[in-house]
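I have placed the structure first, in the form of C-alpha cells, so that the comments after it can refer back to it.
In the numbering used here, the protein residues as written are -7 to 95.
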C-alpha cells in the first residue's frame, strides 16, 4: 500500500467514518520503529515550517509523543533523557548563547 501512515490510536474511528474503505493494520517490532522514525521526520518538518506559537506548541507535542514512543521501544524513559540533558548542560553548557564555531 503506497499511502501508509502511522496515526494516533484514537483516530481510526473518525477516519473510518470519513473514509469508510480505510484499512488499519497493527504493526510492531522493526516495522513499528521504522514508522515512528518516519513520523518523527514528518513532525520535525512540520515544526520547522510552523509560523505561529500555537503551531510550534502543537508540533512540539507531536514530536514529544513520537519520541516517547521510540524511547519506550528501547526501555528508555523521558526521565533518563532529561537526566542526560542536565548532565550535558552542566558539563558542556547549552545552545542558549547561540555560539557559532567559525572553523
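Glycine residues also receive a C-beta, built at the ideal position from the N, C-alpha and C atoms.
**Study point:** When 7, 29, 50 are compared against residue 39, the one with the closest alpha-carbon
**Key:** 50
Review point. On the premise that residue 91 lies in contact with residue 58, defined as a C-beta separation below 8 Å, what is that separation, rounded to the nearest angstrom?
Key: Their Cβ separation, rounded to whole angstroms, is 29 Å, which puts residue 58 and residue 91 out of contact at 8 Å.
Practice item. Tell me the start and end of each unbroken beta strand (DSSP E) in the region 51 to 80 that is at least 3 residues and wholly inside, in chain order. Key: none
**Study point:** DSSP state of residue 85 mapped onto helix, strand, coil
**Key:** coil
Practice item. Go ahead and label residue 28 buried or exposed: buried means 16 or more other beta carbons lie within 10 angstroms of its beta carbon, across all protein chains shown. Key: buried
**Study point:** Under 8 Å between C-beta atoms of residue 70 and residue 63
**Key:** yes
Practice item. Might you give, ordered along the chain, the residues of its own chain that have their beta carbon closer than 7 Å to the beta carbon of residue 36, omitting 5 neighbours on each side? Key: 55
Practice item. Check each candidate in 21, 6, 20 and name the one with the smallest Cα separation from residue 14. Key: 6
Check your understanding: Apart from the five residues just before and just after residue 8, which ones in its own chain have a Cβ nearer than 7 Å to its Cβ?
Key -> 14
**Study point:** Assigned exposure category for residue 80 - 16 Cβ within 10 Å defines buried
**Key:** exposed
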